[in-house]
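Read the structure below first, then the notes.
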Amino acid sequence: MKRNAAQGLAYEEDLLFEQSRPGRRGAELPMLDVPAADVASLLGDLARDDIPALPELSEVDVVRHFTRLSTWNAAVDLGLYPLGSCTMKYNPKLNERVARLPGFAQAHPMAPEEESQGLLELCFELERSLAEISGMDRVTLQPAAGAQGELAGIMMIRAYHEKRGDAKRRKVLVPDSAHGTNPASAALNGYDVVAVPSGDDGILHPEAVAALMNDEIAALMITNPNTLGLFEEHISAICDVVHDGGGLVYGDGANLNALLGVSRPGDMGIDVMHFNLHKTFSTPHGGGGPGAGPVGVKHALAPFLPTPTVSRSDAGFAWNHDRPDSIGRLHGNHGNVGMMVRAYTYILSLGSDGLRQCTDMAVLNANYLLARLRGEFHVPIDKPVMHECVLSDRALADTGVTTMDVAKRLIDHGYHPPTIYFPLIVQGAMMIEPTESESLESLDRFADTLLAIADEARTDPDTVRTAPHHTRHRRLDETRAARKPILRWQPEASEG
Ligand SMILES: *Cc1c(COP(=O)(O)O)cnc(C)c1O
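In the working numbering, the protein residues as written are 119 to 614.
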């Protein structure tokens, strides 16, 4: 018997995976109440000769297996999850209850419109809510993630320039603090990426954009607040520079949780942006689960929105497929609709005052942590932040303890590490986003833990450098884990 110290749970090593025993059953099929079909004549060559080698387990075995696995994960339901930029906020259980209503949960994506009026209305209203929150004119709910939203947005920008016969614009400006998906989305659309340097104060300056702006630039992609957690104070002037040069501005809205009810990207001059429902609007994420990255546009880009869009007439709600300039479809059906139900529930249950309060608390929490950690950890650009703060390991340099070591040591204390070594412009970066969900006590516990680790780095650096000590696996080979990940269980005696 070993103990998983982080969660205090016991498990038996030999009970991990190989639990199958011949003849065990976890489910009973109902008695056949129709004539048995002749499988061979139905399936022909496709009929199996033998039974597949599936695990044979009782229900309790399966329940315990998956429950045990779930406790080996960090989860926002277990504790603060300060993964900067990813916004691991708490997902209210009300969202889950509403998403499980049979009318939503069991809606068939191909059901006729007249039988899907409730779902269509929800999509229509969510679109309008997101447009109102962001100051955009239209929204598509199709993209399944922020990155796919970026792809859609840049496709629409390309379609816009092409429609105007402006074929010369082959480049996209991206600040050096951008999330990696930004240059990737531009490159996937065939654009050359031109990096714009941030100023010493961590934000973008209109002069830096103007120096690179010309008639080959299709767009600027900008994240606001940026990945240093700083508000882009010159955003309107920057948008003017790009617009005067004939370009469009893409707003990476992943961090919209810092602006809710306070300011709107559409009012700042952004032409197209994505939302991460799974960040700002509290739908579950992590582990590659379904996300949703709706995209909002100004009127000029609306003709290019993915097809279909949802529309309302006297006859009710309908999918509109008649969109000749559309960039096409991005998702097999209507996107990850369950996430839309959750996000809409969140918006309605908080209301406009509640959304504003979310942002106020997210900003207060990040600044509180910054205030408690400043001094023991180096703050590369020390000014008030929005929803997250970026620290570095510079103050620990003489101990030999690095950001990676601090992150690993946090795991021993039951915390998921913050985002580390990003943004790239800060050496040894630790990007901490507490979100608005955390109480003062929870923030204090986390700050106390980080301060204790900084202290330990000075008194007992080896313990920090060799962390984690209490996990099932110690330090992984990060390169192999990234390049050759083993993502699923494989049977010991695989028959290929
Ligand atoms: C998370 C994030 C993205 C990408 O969103 P996904 O849903 O993970 O694809 C893009 N930009 C920023 C700033 C982000 O934080």
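For glycine and all other residues, C-beta sits at the position ideal for the given N, C-alpha and C.
Over what stretch of residues does the beta strand (DSSP E) that includes residue i continue unbroken?
i: K286; result: Taken as a continuous stretch (DSSP letters only), K286 belongs to no beta strand (DSSP E), as it is neither H nor E.
i: A547; result: 547–550
i: F435; result: 434–438
i: S560; result: Careful: S560 lies outside any beta strand (DSSP E), inside the alpha helix (DSSP H) at 558–577.
i: V178; result: Per DSSP, V178 belongs to no beta strand (DSSP E); it is in the alpha helix (DSSP H), 177–189.
i: C507; result: 507–510
i: G518; result: It is not in any beta strand (DSSP E) - G518 carries neither H nor E in the DSSP assignment.
i: I335; result: 335–341
i: D447; result: Sequence check: residue 447 is Arg here, not Asp. R447 -> no beta strand (DSSP E), and no H or E assigned at all.
i: L206; result: Correcting the residue type first, residue 206 is Met in the shown sequence and not Leu. From DSSP, M206 is part of no beta strand (DSSP E); its letter is neither H nor E.
i: T258; result: 256–258
i: G347; result: No beta strand (DSSP E) contains G347, which DSSP labels as neither H nor E.
i: A313; result: 310–314
i: T427; result: 427–431
Would the C-beta of residue i count as close to ligand 1, meaning under 6 Å from any of its heavy atoms?
i: A480; result: no
i: T517; result: no
i: A304; result: no
i: A410; result: no
i: T258; result: no
i: T398; result: no
i: D370; result: yes
i: G264; result: yes
i: N342; result: no
i: H297; result: yes
i: S557; result: no
i: S617; result: Not covered by the structure: residue 617. The range shown for the chain is 119 to 614.
i: N394; result: yes
If we cut at 7 Å on Cβ distances, does residue i have a partner in chain C?
i: V582; result: Absence of chain C from the displayed structure is noted, only one protein chain being present.
With distance defined between alpha-carbon atoms, name the residue in the options nearest to residue i.
i: R218; options: V455, E350, G371; result: V455
i: A262; options: T401, L240, M254, D318; result: T401
i: A192; options: I388, I529, L491; result: I529
i: I321; options: I335, A328, N344; result: N344
i: S176; options: W190, G144, T185, L164; result: G144
i: E574; options: R606, I538, L514; result: L514
i: A296; options: M386, H496, S203; result: S203
i: A376; options: V481, I251, R490; result: V481
i: L605; options: G405, P421, R142; result: G405
i: G409; options: E325, Q260, D362, P424; result: Q260
i: D471; options: I550, G384, V380, L488; result: V380
i: G298; options: I169, I340, F422, K281; result: I340
i: H616; options: A355, G365, P424; result: Here the chain has residues from 119 to 614 only, and residue 616 is not among them.
i: R492; options: G446, D566, S444, F540; result: D566
i: G364; options: G236, L248, R276; result: R276
i: R288; options: E214, A171, L201, L366; result: L366
i: A329; options: K211, R576, V359; result: V359
i: T258; options: P421, A585, M548, T577; result: P421
i: V544; options: D578, L468, P442, V497; result: V497
i: G236; options: R590, P220, D156; result: P220
i: L448; options: A265, M548, G371, H403; result: A265
i: D370; options: L306, P301, D333, L558; result: P301
i: G469; options: N307, L248, R490; result: L248
i: L466; options: V216, R182, D156; result: V216
In its own chain, which residues sit with a C-beta less than 7 Å from the C-beta of residue i, not counting the 5 before and 5 after it?
i: F242; result: V428, R430, F435
i: L198; result: Y533, P552, E556, S560, F564
i: R139; result: E174
i: C507; result: G347, A484, L487, L488, I550
i: D523; result: V582, R583, A585
Might you give, ordered along the chain, the residues of its own chain that have their beta carbon closer than 6 Å to the beta carbon of residue i, omitting 5 neighbours on each side?
i: D511; result: T520, T521, G546
i: A101; result: Here the chain comprises residues numbered 119 to 614, so residue 101 is not present and cannot be evaluated.
i: Q125; result: Legend: pLDDT at Q125 = 47, less than 50; position of this residue unreliable, value from coordinates given subsequently. Result list for Q125: T189, in chain order.
Kindly indicate the opening and closing residues of the alpha helix (DSSP H) around residue i.
i: G364; result: Unbroken run through G364: none, as it is neither H nor E.
i: I275; result: 264–281
i: F222; result: 220–223
i: A193; result: First-last for A193: undefined, no H or E at that position.
i: V327; result: 324–328
i: F242; result: 235–252
i: V459; result: 455–491
Skipping 5 residues on each side, what residues in its chain have a beta carbon closer than 8 Å to that of residue i?
i: T597; result: none
i: G614; result: With a pLDDT of only 40 at G614, under 50, the local geometry of the prediction cannot be trusted, and no value is derived from it.
i: V178; result: none
Taking only heavy atoms of ligand 2 into account, decide whether any of them is closer than 6 Å to the Cβ of residue i.
i: M504; result: By its list of ligands, the structure shown excludes ligand 2, since it contains just ligand 1.
**OP:** Assess, as a yes-or-no matter, whether the stretch 498–506 is touched by the stretch 159–171 under the definition of 3 or more beta carbon pairs within less than 8 Å.
**Re:** In this structure the stretch 159–171 does not touch the stretch 498–506; the number of beta carbon pairs closer than 8 Å is below three.
Original post:
For the 8 Å Cβ check, are there 3 or more pairs between the stretch 309–324 and the stretch 278–295?
Top reply: As far as the Cβ criterion goes, the stretch 309–324 touches the stretch 278–295, which means the pair count is three or higher.
**OP:** Count the CB pairs spanning the stretch 413–423 and the stretch 377–390 that are closer than 8 Å, and state whether there are at least three.
**Re:** The stretch 413–423, when compared against the stretch 377–390, does touch it at the 8 Å Cβ threshold.
Original post:
Is there contact here, the stretch 446–460 with the stretch 212–229, by at least three beta-carbon pairs under 8 Å?
Top reply: Contact between the stretch 446–460 and the stretch 212–229 is established, with three or more Cβ pairs separated by less than 8 Å.
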